[in-house]
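Inspection log for the structure reproduced underneath, given as structure tokens.
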Amino acid sequence: MKIIGWDVGGVNIKAALVEIENEKIESFKIQSKFYPMWLKEREKLPEILSEIYSTMILAKPDLIAITMTAELSDAFYTKREGINHILNSFKKVFPEKNCHVLTVNGNFISISKAIHAPLLVAASNWVATCYLVGHYVPNCILIDIGSTTTDIIPIIKGKIATESKTDLDRLIAGELAYTGSLRATIPSIVRTVEIKGKPCRISFEKFALVADAHLILGNITRDEYKCDTADGRDNDLENSYARLARVVCADIEMFSKEEIENIAEEIYEKQLEQIKDGLIQVTQKYKITPDMDFPVVVTGLGKDFLARKAAEDLSYKKIIDFDSLIGGEGALVAPSISIAKMLYDSLNKNQK
Numbered sequence: 001m002k003i004i005g006w007d008v009g010g011v012n013i014k015a016a017l018v019e020i021e022n023e024k025i026e027s028f029k030i031q032s033k034f035y036p037m038w039l040k041e042r043e044k045l046p047e048i049l050s051e052i053y054s055t056m057i058l059a060k061p062d063l064i065a066i067t068m069t070a071e072l073s074d075a076f077y078t079k080r081e082g083i084n085h086i087l088n089s090f091k092k093v094f095p096e097k098n099c100h101v102l103t104v105n106g107n108f109i110s111i112s113k114a115i116h117a118p119l120l121v122a123a124s125n126w127v128a129t130c131y132l133v134g135h136y137v138p139n140c141i142l143i144d145i146g147s148t149t150t151d152i153i154p155i156i157k158g159k160i161a162t163e164s165k166t167d168l169d170r171l172i173a174g175e176l177a178y179t180g181s182l183r184a185t186i187p188s189i190v191r192t193v194e195i196k197g198k199p200c201r202i203s204f205e206k207f208a209l210v211a212d213a214h215l216i217l218g219n220i221t222r223d224e225y226k227c228d229t230a231d232g233r234d235n236d237l238e239n240s241y242a243r244l245a246r247v248v249c250a251d252i253e254m255f256s257k258e259e260i261e262n263i264a265e266e267i268y269e270k271q272l273e274q275i276k277d278g279l280i281q282v283t284q285k286y287k288i289t290p291d292m293d294f295p296v297v298v299t300g301l302g303k304d305f306l307a308r309k310a311a312e313d314l315s316y317k318k319i320i321d322f323d324s325l326i327g328g329e330g331a332l333v334a335p336s337i338s339i340a341k342m343l344y345d346s347l348n349k350n351q352k
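The sequence shown begins at 1 in the working numbering and counts up one residue at a time.
In structure tokens, the structure reads:
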């Protein structure tokens with residue numbers, strides 16, 4: 001069976017064509033498109049879905065599985081409006097009878113039912129990733145760090161352990177941290193940085209993004225810098241140095257590259273602290289400690305330089321890469337792959 005899993009974010013739209021035979025993922029083909037919905041014409045979403053679909057389809061898929069987070073985008077006044085727009089866009093491209101929408105409770109409903117219960121399907125992509133990870137590693141902590149946010153989810157006996165459903169619930173519980181590999185603003189991470197041995201307050205203007213710090217430090221490549229830059233200039237190294245210097249109201253003529261690299265390193269360390277704080281908050285609630293046989297599964301763009309590093313700093317010994325579970329490079333679109341397998345299993349279960 002071939003299923004396309006869709007994860008419609010406010011910045012990136014990701015899809016995975018997954019072939020499943022005898023309950024096993026045999027192969028997958030992935031696609032991701034940068035599409036900041038609040039900057040683009042949102043009416044073009046059906047066109048974007050069609051474009052992605054056309055680039056990845058070798059054979060007609062049997063089913064479509066849908067999850068989303070784009071409803072939070074300020075392209076929409078409410079989540080209800082966002083979900084209606086996204087799901088109506090799918091209806092324009094795919095037969096509605098083939099479309100299945102994931103809820104935060106872990107089941108699938110039709111597009112028409114989802115439109116009438118929008119909060120039930122809002123921001124449900126983490127549920128899909130947890131499902132697949134729990135299938136392979138029944139007891140673990142999942143850390144998924146994308147371009148914008150970080151999910152920290154406990155999985156116990158193959159099931160999501162948290163009672164949180166909404167983004168608000170998860171923010172309170174520490175299971176959602178609004179920091180990611182690319183789009184986090186510098187003031188969301190630090191208030192001061194050290195300049196010439198002294199603490200220096202930073203500007204609260206959006207002069208740079210954390211992507212600039214990570215590019216300077218070699219944590220990401222230019223190809224991975226897949227978001228608009230803070231100043232609209234190129235995402236090359238020289239411009240990243242210039243943007244980061246501007247955070248303290250300076251420029252590249254006032255600093256050496258080494259001094260700017262030190263600023264980048266300090267931002268990186270502070271971002272790691274934010275992720276570690278969330279990990280500690282979650283694990284303390286469930287009485288999980290690093291000395292227990294409780295692995296950490298990492299996925300997303302920040303899986304190595306943020307998720308793995310944070311877990312290692314807290315003395316977690318067994319850290320598992322999502323890619324090793326599925327036998328291929330799928331960490332950047334983990335929810336898309338996961339939701340396809342989740343839908344397959346759900347339909348099989350209902351048929352038995």
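Backbone N, C-alpha and C fix where the C-beta goes; we use that ideal spot for every residue, glycine too.
According to DSSP, simplified to helix, strand and coil, what is residue i?
i: I3; result: strand
i: L209; result: strand
i: C130; result: helix
i: N105; result: coil
i: S336; result: helix
i: N22; result: coil
i: T78; result: coil
i: V8; result: strand
i: A123; result: coil
i: L63; result: strand
i: T55; result: helix
i: S112; result: helix
i: F28; result: strand
i: L142; result: strand
i: L72; result: helix
i: V137; result: coil
i: T150; result: strand
i: L168; result: helix
i: L39; result: coil
i: I156; result: strand
i: K44; result: helix
i: I83; result: helix
i: K287; result: coil
i: A15; result: strand
i: F294; result: coil
i: F34; result: strand
For my contact list, residue i and residue j are in at a C-beta cut-off of 8 Å; report their separation, rounded to the angstrom.
i: F108; j: S346; result: 6 Å
i: G300; j: G146; result: 5 Å
i: A114; j: L87; result: 6 Å
i: S336; j: A70; result: In fact, because the Cβ distance is near 14 Å, the residues do not count as touching under 8 Å.
i: V210; j: I186; result: 7 Å
i: I66; j: V101; result: 5 Å
i: A177; j: T150; result: 4 Å
i: G134; j: I155; result: 5 Å
i: D7; j: V298; result: That pair is no contact at about 18 Å.
i: F322; j: K349; result: Not really, about 24 Å apart at Cβ, beyond 8 Å.
i: C130; j: L142; result: 6 Å
Drop a sphere of 10 angstroms on the beta-carbon of residue i, count the other beta-carbons inside from all chains shown, and report buried for 16 or more, exposed for fewer.
i: F389; result: Here the chain has residues from 1 to 352 only, and residue 389 is not among them.
i: Q351; result: exposed
i: K309; result: buried
i: K341; result: buried
i: G232; result: exposed
i: F94; result: buried
i: D236; result: exposed
i: M254; result: exposed
i: H214; result: buried
i: P199; result: exposed
i: C249; result: exposed
i: D251; result: exposed
i: K79; result: buried
i: L39; result: exposed
i: R170; result: buried
i: E175; result: buried
i: P295; result: buried
i: Y344; result: buried
i: G218; result: exposed
i: F76; result: buried
i: D74; result: exposed
i: F416; result: Lying before the first or after the last residue shown, residue 416 is absent from the chain, which here runs from 1 to 352.
i: T103; result: buried
i: K357; result: In the structure displayed, the chain extends from 1 to 352; residue 357 sits before or after that span and is not available.
i: Y286; result: exposed
Would a check of beta-carbon distances place residue i closer than 8 Å to chain B?
i: H135; result: Here chain B cannot be found, since the structure has a single protein chain.
**OP:** Kindly provide the ranges of any beta strand (DSSP E) runs that are 3 or more residues long and lie completely inside the segment 298-349, ordered along the chain.
**Re:** 319-321
Original post:
Counting pairs of beta carbons, one from the segment 153-167 and one from the segment 314-326, are three or more of them closer than 8 Å?
Top reply: The answer is no - the segment 314-326 does not touch the segment 153-167, with fewer than three Cβ pairs under 8 Å.
Subject >> Runs of beta strand (DSSP E) wholly within the segment 174-259 (minimum 3 residues, chain order) >> reply: 192-195, 198-201
**OP:** Please determine if the segment 271-281 and the segment 123-138 are in contact, where contact requires at least 3 C-beta pairs separated by less than 8 Å.
**Re:** no
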